[in-house]
Amino acid sequence: MWTGEGEAKVLYVQTHGVSDPGRSATPFFLAASAAAMDAEVMIYFTMYGPTLLQKDVIDKIGPKGDVGQPLRYFIEQATGLGVRLLVCQPSLDLNDLSIDDLIEGTTMIGGAAFNDLAIQADAVISF
Amino acid sequence: MSDSADQVVDQVLDCTGLQCPLPVIKTSQAIKTIEVGQILELLATDPGVEPDMNAWTRRTGNELVSINQDAGVFHVLIRRAR
Numbered sequence: 008m009w010t011g012e013g014e015a016k017v018l019y020v021q022t023h024g025v026s027d028p029g030r031s032a033t034p035f036f037l038a039a040s041a042a043a044m045d046a047e048v049m050i051y052f053t054m055y056g057p058t059l060l061q062k063d064v065i066d067k068i069g070p071k072g073d074v075g076q077p078l079r080y081f082i083e084q085a086t087g088l089g090v091r092l093l094v095c096q097p098s099l100d101l102n103d104l105s106i107d108d109l110i111e112g113t114t115m116i117g118g119a120a121f122n123d124l125a126i127q128a129d130a131v132i133s134f
Numbered sequence: 002m003s004d005s006a007d008q009v010v011d012q013v014l015d016c017t018g019l020q021c022p023l024p025v026i027k028t029s030q031a032i033k034t035i036e037v038g039q040i041l042e043l044l045a046t047d048p049g050v051e052p053d054m055n056a057w058t059r060r061t062g063n064e065l066v067s068i069n070q071d072a073g074v075f076h077v078l079i080r081r082a083r
């Protein structure tokens, strides 16, 4: 899934969800920064991570709860720079979500694809 | 590094008051709007701008011409190199 078009490949892993908003924005920040450095960047949402991508959540909460910028701001900052968002089916099940509950552009992958991305990446950064 | 006063600046990007990572993101977008060889001047108050711009220019292959701080504002001159 890496195109090799960037100067480097960076894979972020977000395991935290809506119950811990203070941990929601930084992976998007860092991913956006990496993309601005001409890296190819993906964020893999697993465990509680997929809850951050729900269509009906991204305008309601942000890293400081219901004050300040909402999640949509951080997500669009990253995706606007080419950052790709990935989820896997078991973590959707864990949170009683389906891919249709998540924002457009989220890509479903599986464990083998994740490990393949990690093996090929120059850096894997987990939150 | 040379003094910013003797450099011709082709474009100014005002990021004063903006926090990480916005100066980096806006710089990456602005550099694409000038020609190779031209100079972008970034104005920023984010205290991380010096290490960030060192890393960003090294990674992207653009040239960090100078960084000067004046009255709390960093003036960063970057020459588009590619």
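Chains A and B supply the protein sequences, listed in that same order. Each residue of the first sequence is one higher than the one before, counting from 8 in the numbering used here. Each residue of the second sequence is one higher than the one before, counting from 2 in the numbering used here. All C-beta atoms, glycine included, are put in the ideal place defined by N, C-alpha and C.
I'd like to know if residue i contacts chain B, where contact means its C-beta is closer than 8 Å to some C-beta of that chain.
{"i": "residue 43(A)", "result": "yes"}
{"i": "residue 36(A)", "result": "yes"}
{"i": "residue 130(A)", "result": "no"}
{"i": "residue 101(A)", "result": "no"}
{"i": "residue 125(A)", "result": "no"}
{"i": "residue 119(A)", "result": "no"}
{"i": "residue 40(A)", "result": "yes"}
Tell me, to the nearest whole angstrom, how far the beta carbon of residue i is from that of residue j; I am working on the premise that it is less than 8 Å.
{"i": "residue 94(A)", "j": "residue 52(A)", "result": "5 Å"}
{"i": "residue 114(A)", "j": "residue 92(A)", "result": "7 Å"}
{"i": "residue 41(B)", "j": "residue 56(B)", "result": "At roughly 16 Å, the Cβ-Cβ gap does not stay under 8 Å, so residue 41(B) and residue 56(B) are not in contact."}
{"i": "residue 43(B)", "j": "residue 28(B)", "result": "5 Å"}
{"i": "residue 38(B)", "j": "residue 80(B)", "result": "7 Å"}
{"i": "residue 8(A)", "j": "residue 119(A)", "result": "No, residue 8(A) and residue 119(A) are not in contact; Cβ-Cβ is about 11 Å, not under 8 Å."}
{"i": "residue 110(A)", "j": "residue 37(A)", "result": "With a Cβ gap of about 19 Å, residue 110(A) and residue 37(A) do not count as contacting."}
{"i": "residue 15(A)", "j": "residue 129(A)", "result": "5 Å"}
Under 8 Å Cβ-Cβ, which residues of chain A neighbour residue i?
{"i": "residue 77(B)", "result": "Neighbours of residue 77(B) on chain A: none; closest Cβ ~14 Å, over 8 Å."}
Any beta-carbon of chain A closer than 8 Å to the one on residue i?
{"i": "residue 61(B)", "result": "yes"}
{"i": "residue 68(B)", "result": "no"}
{"i": "residue 35(B)", "result": "no"}
{"i": "residue 25(B)", "result": "yes"}
{"i": "residue 1(B)", "result": "Nothing about residue 1(B) can be read from this structure; chain B reaches only from 2 to 83."}
{"i": "residue 3(B)", "result": "Because the pLDDT of residue 3(B) is 46, which lies under 50, any placement of that residue in the model is unreliable, and the question is left without a value."}
Keeping to the same chain, check which residues put their C-beta closer than 6 Å to that of residue i; ignore five residues upstream and five downstream.
{"i": "residue 2(B)", "result": "Summary for residue 2(B): the model assigns pLDDT 46, below 50, so the residue's position carries little reliability, and this model does not support an answer."}
{"i": "residue 58(A)", "result": "24, 25, 102"}
{"i": "residue 112(A)", "result": "none"}
{"i": "residue 78(B)", "result": "5, 8, 40, 42, 66, 67"}
{"i": "residue 34(A)", "result": "19, 21, 50, 134"}
Leaving aside the five residues before and after residue i along the sequence, list all residues of the same chain whose C-beta is less than 8 Å from its C-beta, in chain order.
{"i": "residue 7(B)", "result": "none"}
Residues of chain B with CB closer than 9 Å to the CB of residue i, please, in chain order.
{"i": "residue 84(A)", "result": "22, 23, 26"}
{"i": "residue 31(A)", "result": "By Cβ distance, chain B contributes nothing, its closest Cβ being about 15 Å from residue 31(A), past 9 Å."}
{"i": "residue 88(A)", "result": "26, 29, 30"}
Can you name, in chain order, every residue of its own chain whose Cβ lies under 7 Å from the Cβ of residue i, other than the five neighbours on each side?
{"i": "residue 20(B)", "result": "47"}
{"i": "residue 116(A)", "result": "93, 95"}
Could you list which residues in chain B have their beta carbon closer than 7 Å to that of residue i, in chain order?
{"i": "residue 14(A)", "result": "60"}
- Query: Any contact of the stretch 122-129 of chain A with the stretch 46-65 of chain B, i.e. 3+ C-beta pairs under 8 Å?
  - Reply: no
- Item | the stretch 52-68 of chain A touching the stretch 17-32 of chain A, judged by at least three CB pairs closer than 8 Å | yes
- Message: For the pair the stretch 66-76 of chain A and the stretch 40-47 of chain A, tell me if three or more CB-CB distances fall below 8 Å.
- Response: no
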